[in-house]
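Everything below concerns the one structure shown next.
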Amino acid sequence: MQELEESTGPLVETSEKYPYVTEEYLLQVNDIVEINIKTTDPTLNLVFGAVSNDIQNQAAMGGGQGAGDAFFMNGYTIDDEGMVEIPLIGKLKLVGMSTEEAKLAVEKEVVKYVNQNEFFVRVRLGGIRFSALGEFNRSGKYTILQNRVTIFEAIAFAGDLSRVAKRDEILLVRQYPDGSQIHKINLLDRKLLGSEYFFLKPNDMIYAEPMKVREIGAGNTLVETLTLLTTSITAIALILTLVQDNN
Numbered sequence: 001m002q003e004l005e006e007s008t009g010p011l012v013e014t015s016e017k018y019p020y021v022t023e024e025y026l027l028q029v030n031d032i033v034e035i036n037i038k039t040t041d042p043t044l045n046l047v048f049g050a051v052s053n054d055i056q057n058q059a060a061m062g063g064g065q066g067a068g069d070a071f072f073m074n075g076y077t078i079d080d081e082g083m084v085e086i087p088l089i090g091k092l093k094l095v096g097m098s099t100e101e102a103k104l105a106v107e108k109e110v111v112k113y114v115n116q117n118e119f120f121v122r123v124r125l126g127g128i129r130f131s132a133l134g135e136f137n138r139s140g141k142y143t144i145l146q147n148r149v150t151i152f153e154a155i156a157f158a159g160d161l162s163r164v165a166k167r168d169e170i171l172l173v174r175q176y177p178d179g180s181q182i183h184k185i186n187l188l189d190r191k192l193l194g195s196e197y198f199f200l201k202p203n204d205m206i207y208a209e210p211m212k213v214r215e216i217g218a219g220n221t222l223v224e225t226l227t228l229l230t231t232s233i234t235a236i237a238l239i240l241t242l243v244q245d246n247n
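Residue numbers (the UniProt record's numbering): 1 to 247.
Shown next as structure tokens:
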């Protein structure tokens, strides 16, 4: 650090606070959930713990996207009827519930086999899955093993936006129980911090459109595009000169 000359401006500028808008997520068809059941009965633990132990071991070894694959292979996927199938318990409907409500539903079934104070149940999402499409440096499908992920964290996870991405017109495709809906988002607007689109939801798709400059040429940046155009014009001029000299 160095001592700077006195400035008339403030040392630190602070914006107003934007309260978070967090809606309780309700489980949907095709969501993957981790259901962890621990009891005082070793035999029951072998039955209930087979899936959850596999997930934890593979997540620890894989990390990142590999951990997301572990949840896909060993987690409980909510089927088209809104059900999951749990060892010993059988099929249980979880669609439309929060993770806390799903936990209570599982506990209601477990208590049939174990006394009330002799078991523990945890239900949580198998990470936040999302797709990054279009003008990303690393477009693709990702899983972040967190309970809450902001749209900026998701963009960073996908290698940030390319230089020609429209940052003021990002398309967010979000799934709802009755269908999908497209939301156009301006990343440059501070009000995004206090909107319901600041935090991603499972299975969100983020599409970054290119600016018009992309349509001019094949360059990834404006400089590359202009260089390509300049080179093309120079080549055409050289060809015309040679043709005229030959005539």
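Cβ atoms here follow ideal geometry from the backbone N, Cα and C, with glycine treated the same way.
Proximity to residue i [Cα-Cα], best of the options
i: residue 28; options: 96, 117, 124; result: 96
i: residue 210; options: 135, 190, 149; result: 135
i: residue 178; options: 42, 26, 77; result: 26
i: residue 203; options: 39, 186, 172; result: 172
i: residue 195; options: 79, 23, 140, 12; result: 23
i: residue 162; options: 117, 137, 47, 130; result: 137
i: residue 174; options: 160, 199, 157, 18; result: 199
i: residue 193; options: 127, 12, 14, 19; result: 19
i: residue 98; options: 111, 147, 42; result: 147
i: residue 114; options: 14, 75, 39, 101; result: 39
i: residue 140; options: 45, 205, 43, 21; result: 205
i: residue 89; options: 118, 30, 106; result: 106
i: residue 16; options: 43, 144, 191; result: 191
i: residue 31; options: 118, 14, 117, 127; result: 127
i: residue 132; options: 160, 102, 111; result: 160
i: residue 151; options: 212, 197, 11, 176; result: 197
i: residue 117; options: 14, 41, 21; result: 41
i: residue 47; options: 14, 102, 87; result: 87
Residues near residue i by beta carbon distance below 8 angstroms, same chain, minus five either side
i: residue 269; result: This structure cannot speak to residue 269, because the chain is shown only from 1 to 247.
i: residue 10; result: none
i: residue 111; result: 119
Coil, strand or helix - residue i by DSSP
i: residue 75; result: coil
i: residue 87; result: coil
i: residue 184; result: strand
i: residue 48; result: helix
i: residue 94; result: coil
i: residue 110; result: helix
i: residue 14; result: coil
i: residue 165; result: strand
i: residue 81; result: coil
i: residue 138; result: coil
i: residue 40; result: coil
i: residue 26; result: coil
i: residue 171; result: strand
i: residue 53; result: Unreliable positioning characterises residue 53 in this predicted model, as indicated by a pLDDT of 48, which lies under 50. A coordinate reading is not provided.
Close-in-space but distant-in-sequence residues of the same chain around residue i (CB under 6 angstroms, 5 per side omitted)
i: residue 165; result: 135, 208
i: residue 154; result: 130, 200
i: residue 186; result: 168
i: residue 83; result: 91, 93
i: residue 76; result: 33, 35, 84
For residue i, the residue or residues it bridges with in DSSP
i: residue 179; result: 176
i: residue 127; result: Residue 127 pairs with nothing; no bridge assigned.
i: residue 133; result: 207
i: residue 198; result: In DSSP, residue 198 forms no bridge with anything.
i: residue 20; result: DSSP, once it has assigned bridges, lists no residue as partnering residue 20.
i: residue 122; result: 36
i: residue 150; result: 199
i: residue 143; result: 129
Contact set for residue i: own chain, Cβ-Cβ below 7 angstroms, skip 5 residues either direction
i: residue 181; result: 174
i: residue 157; result: 142, 144
i: residue 184; result: 169, 171
i: residue 109; result: 89, 92
i: residue 12; result: none
i: residue 44; result: 113, 114
Chain C contact for residue i (CB, 7 angstroms cutoff)
i: residue 207; result: In the structure shown, chain C does not exist; there is a single protein chain.
The segment 33-43 touching the segment 114-133, judged by at least three CB pairs closer than 8 angstroms: yes
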